[in-house]
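Remarks on the structure that follows.
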Amino acid sequence: MRGYGQYCGLARSLDIVGDRWNLLIVRQLLIAPARYRDLVDGLPGIATNLLADRLRDLETAGVVERRLAGKGSAVEYALTPWGAELRQPIEGLIRWSTPLMVRGPEGDSFRPEWLALAVPVLLDARVKVRRAATVGLAIGGPLFQLHATRSGAEVGPHDGRDLDATVRAEPACVLGLAAGALALDDARALGLIEIDGDESVVRAVFAA
């Protein structure tokens, strides 16, 4: 790994995480620890040999560690406590990206689990719900759920709990609502969203 050779905190941080794919590997591990094959699946476009190189570099730097997954012998990758401190700068970049994201995927790859990191970041920056609510997110593939409480929001696969409402929309629409860049009424008028269940809950969760 080639460094910048500058005695500067930003330069030294970029020496570790500035190479292509490194922060996206951290993104995946912020969502959950993952096996090597899961990382390949969650990082469309990465070459397997490059992923191995990046994981080795991040492990050497103390950002990532390997551990046994459950009772089996399979190895999974996880962030070290120091690596997990990258959550805050990554969340800042996600908030900063709002004008870029509301344009839609424009042919880019998408994985529903990426919303698990992005949507709570965008909502927590501007929305405080008065009572707990759970909204299903039907964005293609398995159903996800957005659970919002006074302490913040979480997004993950639907765990079988009762839903107050279900939103059917494209990911760009959900991100736009979460960021406050798209109003719910506008999304409905444009035919971008369908709501089953209690619409008032959806409005409260997205501050629409």
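Residue numbers for the sequence shown, in this note's numbering: -14 to 193.
C-beta atoms are modelled at their ideal positions from N, C-alpha and C, and glycine is treated no differently.
This structure is a prediction, so every number in the text was calculated from the model and none was measured.
> For residue 27, does the count of other Cβ atoms within 10 angstroms reach 16, so buried, or fall short, so exposed?
Replying inline: For the purposes of this step, residue 27 is taken as the residue at position 42 of the sequence shown. Buried, because 16 or more other Cβ atoms sit within 10 Å of the Cβ of residue 27.
>> Quick check: what's the CA-CA separation for residue 48 versus residue 152?
In response: As a first step, residue 48 is located in the sequence shown; it is residue number 63 there, counting from the start. As a first step, residue 152 is located in the sequence shown; it is residue number 167 there, counting from the start. Spanning the two alpha carbons is a distance of roughly 36 Å.
> In chain order, which continuous runs of the beta strand (DSSP E) of length 3 or greater are located wholly inside the stretch 135 to 175?
Replying inline: 137 to 142 and 150 to 154
>> Considering only DSSP beta bridges, list what residue 180 is partnered with.
In response: Against the sequence shown, residue 180 aligns to sequence position 195. Looking at the DSSP assignment, residue 180 forms a beta bridge with 152.
> Where does residue 91 sit, in a helix, a strand or coil, going by DSSP?
Replying inline: Taking the sequence shown and counting its residues from 1, one reaches residue 91 at position 106. If DSSP states are grouped into helix, strand and coil, residue 91 belongs with coil.
> Which full runs of the alpha helix (DSSP H) of 4+ residues lie inside the stretch 34 to 99, going along the chain?
Replying inline: 66 to 69, 72 to 81 and 83 to 86
> Using the C-alpha atoms, what's the distance from residue 0 back to residue -6?
Replying inline: Taking the first residue of the sequence shown as position 1, residue -6 is located at position 9. Taking the first residue of the sequence shown as position 1, residue 0 is located at position 15. The straight-line gap from Cα to Cα measures roughly 10 Å.
> First and last residue of the beta strand (DSSP E) that includes residue 120?
Replying inline: In the sequence shown, residue 120 corresponds to position 135, counting from 1. It spans 118 to 123 - the beta strand (DSSP E) in which residue 120 sits, taken as one unbroken run.
> Using a Cβ-Cβ cut-off of 6 Å (strictly less than) and excluding sequence neighbours within five positions of residue 79, which residues of its own chain qualify?
Replying inline: Translated into positions along the sequence shown, residue 79 becomes position 94. Result list for residue 79: 103 and 106, in chain order.
> Which residues does DSSP pair with residue 133 in a beta bridge?
Replying inline: Translated into positions along the sequence shown, residue 133 becomes position 148. 118 and 138.
> Does the beta-carbon of residue -11 have 16 or more other beta-carbons within 10 angstroms, so that it is buried, or is it exposed?
Replying inline: Counting from 1 along the sequence shown, the entry for residue -11 is found at position 4. Exposed, because fewer than 16 other Cβ atoms sit within 10 Å of the Cβ of residue -11.
> So residue 60 packs on residue 51, CB below 8 Å; how close in whole Å?
Replying inline: Sequence index remark: in the sequence shown, residue 60 carries index 75 (1-based). Sequence index remark: in the sequence shown, residue 51 carries index 66 (1-based). The pair is a contact, with the Cβ atoms about 5 Å apart (cut-off 8 Å).
> Between the C-alpha atoms of residue 5 and residue 182, what's the straight-line distance to the nearest angstrom?
Replying inline: Taking the first residue of the sequence shown as position 1, residue 5 is located at position 20. Taking the first residue of the sequence shown as position 1, residue 182 is located at position 197. Computed Cα separation, rounded: 43 Å.
>> Checking 8 Å against the spacing of the C-beta atoms, do residue 166 and residue 87 come in under that value?
In response: Here the question's residue 166 lines up with position 181 in the sequence shown. Here the question's residue 87 lines up with position 102 in the sequence shown. Closer than 8 Å, so yes.
> Three-state secondary structure (DSSP) at residue 12?
Replying inline: Position 27 of the sequence shown, counting from 1, holds the residue named residue 12. Residue 12 falls in the helix class under three-state DSSP.
> So which of 67, 76, 150 and 169 has the shortest CA-CA distance to residue 157?
Replying inline: To locate residue 157, count along the sequence shown from 1; it is residue 172. When each option's Cα is compared against that of residue 157, the closest is 169.
>> Tell me the rounded alpha-carbon separation between residue 126 and residue 7.
In response: Here residue 126 is taken as the residue at index 141 of the sequence shown, counted from 1. Here residue 7 is taken as the residue at index 22 of the sequence shown, counted from 1. Residue 126 and residue 7: Cα-Cα distance of roughly 27 Å.
> Straight-line CA distance for residue 191 to residue -8?
Replying inline: Reading the sequence shown from its first residue, position 206 is the one you call residue 191. Reading the sequence shown from its first residue, position 7 is the one you call residue -8. In a straight line, the C-alpha of residue 191 is about 43 Å away from that of residue -8.
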